[in-house]
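A.B. asks: Here it is: the structure, laid out below.
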Amino acid sequence: MGYVQEARDNHVKKKVEEALRSKMKQKALKECDHYTSKYVQCASGKTISIVWQCRKQAKELNDCLHQYTNDAVLEEMKREYMLQETHKGSASM
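Next up, the structure:
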């Protein structure tokens, strides 16, 4: 399947895409809670020194979040949404 056809198949309205992005971010935060806690613990009581003292924790958190918040994940969520909508449409006929 070509890129243009895939883009057409996964096209959703802007509001739907925003909702899917929000859902994706919520899942990422939930899945990466352990890393968030480690970063917060490191950052507690610090100001500017957070940048260099918590670099490792920040990188771990960002790496984890990126696993759940990237274009491939969003495209998969769009595909699932479109399948659900198609199924709903065919079920109501």
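According to the numbering used here, the sequence shown is numbered sequentially starting from 10. Glycine included, every Cβ here is placed at the ideal spot set by N, Cα and C.
1) When the distance is taken between beta carbons, is residue 86 closer than 7 Å to residue 29?
2) Taking 7 Å as the cut-off, decide whether the C-beta atoms of residue 37 and residue 74 are in contact.
3) Tell me whether residue 50 is buried or exposed, calling it buried when 16 or more other Cβ atoms sit within 10 Å of its Cβ.
4) Going by Cα to Cα distance, which pick from 63, 32, 39, 40 is closest to residue 47?
5) Go through its chain and collect everything with a Cβ distance to residue 55's Cβ below 8 Å, but skip five positions before and after it.
6) Is residue 76 buried or exposed, if buried means 16 or more other CB atoms sit within 10 Å of its CB?
7) Within 10 angstroms of its Cβ, does residue 66 collect 16 or more other Cβ (buried), or is it exposed?
8) Can you give me the C-alpha to C-alpha distance between residue 83 and residue 57, rounded to a whole angstrom?
9) Taking the alpha helix (DSSP H) that residue 31 belongs to, which residues open and close that run?
C.D. replies: Based on what the coordinates show:
1) yes
2) yes
3) exposed
4) 63
5) 62, 63
6) exposed
7) buried
8) 34 Å
9) 23-40
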